[in-house]
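Undergrad: For reference, each letter of the sequence shown is one residue, going 1 to 929 in full-length UniProt numbering.
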Amino acid sequence: MSKATPWLLAGLAGILVLLGGLALLAESPWARQLIERQLSQRLDGRAVSIGEFDIEWGLPLGVQLRDLRLANADWASDAPLLTLDAMRARLGVGALLTGDVQLRSLQLVQPQVHLARQADGQTNWAALLGDGSEQGSLPFSPDPLRIRDGEIHYRDAQLGLQLDLSVATPPSDEGPRRLNVEGSGQFRGRPVSLTLIGDPPARVLAADAAYTLSLNAQLGALQLQFEGQSASLPNLEQLQGQLTASASDAMAFDALPIDLPPFRLQASTRRDSSQWALSDIDLRTNGSHLTGAASVQAGSEPRVAIRLEGDQLDLNRWGLMPRPTRTGERRPMAADRLLGNASDLLERLGDYRGELSLQLDTLSYADNALQDVAIEAQLDGHHLELAQLHVEQGQGAVSLQGGFDWADAGLSGALDAQLDQLDLGQALAAFGQPGLGVLDGEIHLRLAPDAASIENTQLLYKAPEQDLRVQLSAASTAAGLALHGTAWHNQVPVQFDLQLGALPQLFREATWPVEGVLRSGDARLTLDGHVTDPLQLDAAVLQVSLEGQQLDRLDTLTGLDLPALGDYRLNGELRWEDQQLRLLGLDARWGESDLDGDVRLSLAGRPMLWANLHADTLRWRDLRPTTERARDKRQLFSDRSLKLEALQGRDAIVRFSADNLVVRDVPLNAVTLKAILDEGVLEIEPLRLELASGTAHGTVRLNTRVPRPSGTARLSLTGARFSPVLRSADFPSVAQDSAAVIGGQLRLAVSGQSAAEMAAGADGRLELAMSGGQLDKVAIELLGLDAGEASIAALINDAPTDMSCGYLRFDADAGIAHLERFFVSTQDSNLTGGGQIDLATERLKLAFDAHAKDFSLLSGQAPIQLRGTLRDPQVEVITDTLVARGLASVLGAIVAPPLAILPWLEPGFGEGSGMGCDKALKQFERTGT
């Protein structure tokens, strides 16, 4: 807008020259039209119209013009660019006759100017200016100049600025009329107002004249005052004065990367051609006090110089740090906002020269404060010299020195850093890394075009909260960057020897190679692969191999309860991409077990795990920690926490199959299951197991969302041959003589944090049925009884006894399992039993008695009791008749099992399977024996 002002004055001067040149002509339409054509030619062909003009003959000569209009640009508003109600001028006749103009007075009545700039920068006045060679050197100096009821309307789509100004030269008691400009508008939605008082307007056209002006402007809460002089108005090429700026409230501007806090600034301002300078800066804001100087030199080689010192500076108040959320937490600052693109930044800096000197007692950002901040730096084109960068933080400090050169050949230079107890967590909390530890040591970086190296770098990192300590040395080799050292986690050492890619690859290449070995005790982890965009860790592909003698020896290091995998070896390809971690081609071997498959973990949003796993052979004992095995000698149900809280808030879908799963020496063939975990609720369905030609189907549901996890299980077994089970369980002698078939059902409801807690409060029912087999060998082997101490012959004869049918039912209530039904049919007797098992203490109290089918056999049989624990049952033979009678309430009457058990057993019937439950139940129905 400032460039339009000389054009307006020059245009008016042209009008006066033409009028003066034609003054001697008669006042005629021809003369008016001639003036309009001449003006239109000078003004880029814009249409010019003049309502009328009059000549007042006399000395001086008077000229009056009315209703002047200058057309606007085609794209601008319908309003003319310039309208003038009237212009009155007094000219010196003598000077006019010599071709000069001597203006005695000039009066403008209601001039209206409409100026506009589009978003692309095009203006409606630029075409009227020509080359601007005559600006500031007009051939006359009108005095006095009077303006009455003038208006300037300015619309700038590029800046988002709208201004409506009134212009006048009111009378003054103190001397000549002065220029008075007042107006208001909006800047990017904020209200703007300004008042400008200056010397008489005629001084604007005077060459090399200092023009005194006073400016008061307000933009929202921002107030600006300037008192000074300009040697060239309106271009302000020579300007000096006193500047005062203040804001009572904080302000944010979309076009600026910072916010303005409440502040007050006073400074001496000077502009000399292309250089702006602020000296004697006195800036106060929110307890901060900064002093110094700053200057900006525009041109082909811009130069910036800043020197500031003060007591404190809070970056939070300047909008340079992430703002707290409603919960009081701070969002991490985006990496691109913090660093930007390094190459673009260096390219831009190459066009500048400058110096920076900053001394601060305290620099605050986020919730952190740095003390004794000192920065001394110089920029000379493509060379940056960092003479000093020193900050202190609590007990720690950082010092940097170095210099860099960059041009078409590349980046070169050196940087030396000294780190003394630097708390990285405190320093980087605002950038999303609050949990980091303390770093000590020194870094020596050397750069050359297309090369970079680290020399004599020693670092010590300590994170007590994570019980982590890392000591390393780094050095560049021909192959890249080598890292050697030792890390301690939970007081367990890990030695590492890593070979990474060369440093230039870290910034320029798409991938960065990673290779190395980590060792802890007998465990060895090898890595070989690459990382994509390592600064952002966008993706990674690594071949990993882990091997050792005992996996659970890594428990302390990892903080996990790992299974005791002996002589283990795990291999696979680890991939990270799009917030997903994949383990492909898993191949694990340990003990007598194996496992292979693929695993995928998504970390985008709520974590989600997918796994497809298969085992040729998987033994349960290979998965149990050695500490739990030791406990197994004392109790059946472990009191170790199952750590079910690890399932809370997690999602997973796991498919598993095994050709041979062995649980407590019982082989389960062709196991398949699908497990779905939904925010801590685990459902296993379907669950299918093949057991010795039989089939088991079941479902499991476990809810860990509640404080005390609870679950249910249902399992049904049909047609399982007992002989293969006993043979696999290392009971070959029993298996040889047993043709038994078993089946049953289980319904269970439990709650607790361990297997022992779940057993102690279990509710449910267990039913088992058996057809065939030899009772004596089965009982002795399966119950763990010592035949020499308490012979099962108390119930049956010494000779092997074939069992045709057996059935038992346990009903559990609050951890007490009652033996409600027990029936065994042999060739000679029917056996009954009763009692209970306390699952909380694992103590049992069961009693069994035989009822001879032939009363002649009664003398050879006696009842027995089974006492002790589940791990160590003891048999007692009851010979006292009265005691035996006391067991009657426990043993109960002879009750045959329900016919519903037959479908459990029928699939296993075949030759040699004994007379079976079908025949035994029919016989019992007919005879009662």
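We put the beta carbon where it would ideally sit given N, CA and C, even for glycine.
Could you tell me which of Ala448, Ile306, Leu702, Val544 sits nearest to Leu379, measuring between CA atoms?
TA: Measuring from the Cα of Leu379, the nearest candidate turns out to be Ile306.
Undergrad: Considering just the uninterrupted stretch of the alpha helix (DSSP H) at Gly425, what are its terminal residues?
TA: Here the alpha helix (DSSP H) through Gly425 covers 424-428.
Undergrad: So, at 6 Å on beta carbons, what are the nonlocal neighbours of Ile705 in its own chain, with the 5 sequence-adjacent residues on each side left out?
TA: One point to set straight first is that residue 705 is Arg, not Ile, in the sequence displayed. Closer than 6 Å at the Cβ level, and outside the excluded window around Arg705, lie Gly680.
Undergrad: If you draw a straight line from the C-alpha of Met87 to the C-alpha of Leu103, how long is it?
TA: In a straight line, the C-alpha of Met87 is about 13 Å away from that of Leu103.
Undergrad: Any idea what DSSP makes of Arg708, helix, strand or coil?
TA: Arg708: coil per DSSP, three-state reduction.
Undergrad: Between the segment 600-617 and the segment 561-574, can you find at least three pairs of beta-carbon atoms closer than 8 Å?
TA: Segments in contact, no.
Undergrad: Quick one, are the C-beta atoms of Gln312 and Leu360 less than 8 Å apart?
TA: Yes.
Undergrad: Going along the chain, which residues of its own chain have a beta-carbon closer than 6 Å to the beta-carbon of Leu589, five neighbours each way excluded?
TA: For the record, residue 589 in the displayed sequence is Arg; it is not Leu. Within the same chain, Arg589 has close Cβ partners Arg569.
Undergrad: Put Ile864 into one of helix, strand or coil per three-state DSSP.
TA: Strand, per DSSP.
Undergrad: Go through the segment 50-125 residue by residue and report every complete run of the alpha helix (DSSP H) that reaches 4 residues or more, in order.
TA: DSSP runs (the alpha helix (DSSP H)) wholly in the segment 50-125: 93-97.
Undergrad: Rounded to whole angstroms, what's the CA-CA distance from Gly435 to Gln426? Just pull it up for me.
TA: Straight-line Cα distance between these residues: approximately 8 Å.
Undergrad: Given Ala755, which residues of its chain have a CB within under 6 Å of its CB, disregarding the five upstream and five downstream residues?
TA: These residues qualify, in order along the chain: Phe637, Ser638.
Undergrad: Kindly identify the DSSP beta-bridge partner or partners of Gly150.
TA: Gly150 is bridged to Val167.
Undergrad: Less than 8 Å between the beta carbons of Asp199 and Arg178, yes or no?
TA: Against a cut-off of 8 Å, the Cβ pair of Arg178 and Asp199 comes out as a contact.
Undergrad: So, are the CB atoms of Ala762 and Leu839 less than 8 Å apart?
TA: Yes, they are a contact pair.
Undergrad: Kindly indicate which three-state DSSP category residue 931 falls into: helix, strand or coil?
TA: Because the chain spans 1 through 929 in this model, residue 931 falls outside it and cannot be assessed.
Undergrad: Report all residues from its chain with a CB closer than 8 Å to the CB of Gly403; omit the five preceding and five following residues, and keep chain order.
TA: Cβ neighbours of Gly403 beyond the five flanking positions: His383, Leu384, Glu385, Leu386, Gly413, Ala414.
Undergrad: For Trp610, which of helix, strand or coil comes out of DSSP?
TA: In this structure, Trp610 counts as strand in the three-state DSSP scheme.
Undergrad: Taking the continuous beta strand (DSSP E) assigned at Glu757, which residues delimit it?
TA: Here Glu757 belongs to no beta strand (DSSP E); instead the alpha helix (DSSP H) covers 755-760.
Undergrad: Leaving aside the five residues before and after Asp813 along the sequence, list all residues of the same chain whose C-beta is less than 8 Å from its C-beta, in chain order.
TA: The answer, listed in chain order, is Asp763.
Undergrad: Within 10 angstroms of its Cβ, does residue 937 collect 16 or more other Cβ (buried), or is it exposed?
TA: The question about residue 937 has no answer here: the residues shown for the chain are numbered 1 through 929.
Undergrad: So for Asn571, helix, strand or coil by DSSP?
TA: Asn571: strand per DSSP, three-state reduction.
Undergrad: Figure out for me which residue from Met770, Val877, Tyr807, Leu766 has the closest Cα to the Cα of Ile837.
TA: Nearest option by C-alpha distance: Leu766.
Undergrad: Express the C-alpha separation of Val877 and Asp828 in angstroms, rounding to a whole number.
TA: Near 20 Å, if we compare the C-alpha coordinates of Val877 and Asp828.
Undergrad: Look at the alpha carbon of Thr458 and the alpha carbon of Ile443, and state the distance between them as a whole number of angstroms.
TA: Here the sequence assigns Gln to residue 458, which means Thr is not the residue at that position. Their Cα atoms are separated by approximately 7 Å.
Undergrad: Going by beta carbon distance, what residues of the same chain come within less than 7 Å of Glu301, once the five residues before and after it are set aside?
TA: Correct list, in chain order: Arg353.
Undergrad: Considering Pro686, what are the terminal residues of the alpha helix (DSSP H) in which it resides?
TA: First-last for Pro686: 681-691, but that is the beta strand (DSSP E), not the alpha helix (DSSP H).
Undergrad: Assuming Arg867 contacts Leu844 under a Cβ cut-off of 8 Å, what Cβ separation, rounded to an integer in Å, is found between them?
TA: Arg867 to Leu844, Cβ: 7 Å. Contact.
Undergrad: On the DSSP bridge list, what partners appear for Leu290?
TA: Leu290 pairs with Leu283, Gly310.
Undergrad: Which residues in the same chain as Ile684 place their Cβ atom closer than 6 Å to its Cβ, once the five residues preceding and following it in sequence are excluded?
TA: So the qualifying residues of the chain are Leu673, Ala675, Val700.
Undergrad: Out of Leu647, Val662, Asp44, which one is the CA nearest neighbour of Pro709?
TA: Nearest option by C-alpha distance: Leu647.
Undergrad: Any idea if Pro191 is buried or exposed, counting beta-carbon neighbours within 10 angstroms, 16 or more meaning buried?
TA: It is exposed - the Cβ of Pro191 has fewer than 16 other Cβ atoms within 10 Å.
Undergrad: Check the C-beta distance from Val750 over to Gly711 and give it rounded, since I have them as a contact under 8 Å.
TA: Yes, they are in contact, since the Cβ atoms of Val750 and Gly711 sit about 6 Å apart, within 8 Å.
Undergrad: Pro29 lies in the alpha helix (DSSP H); which residues open and close that run?
TA: Run containing Pro29: 29-42, per the alpha helix (DSSP H) assignment.
Undergrad: State the start and end residues of the unbroken alpha helix (DSSP H) segment that holds Thr558.
TA: Residues 555-558.
Undergrad: Answer yes or no: do Asp67 and Glu56 have a C-beta to C-beta separation smaller than 8 Å?
TA: No, the pair does not count as a contact, with Cβ atoms beyond the cut-off.
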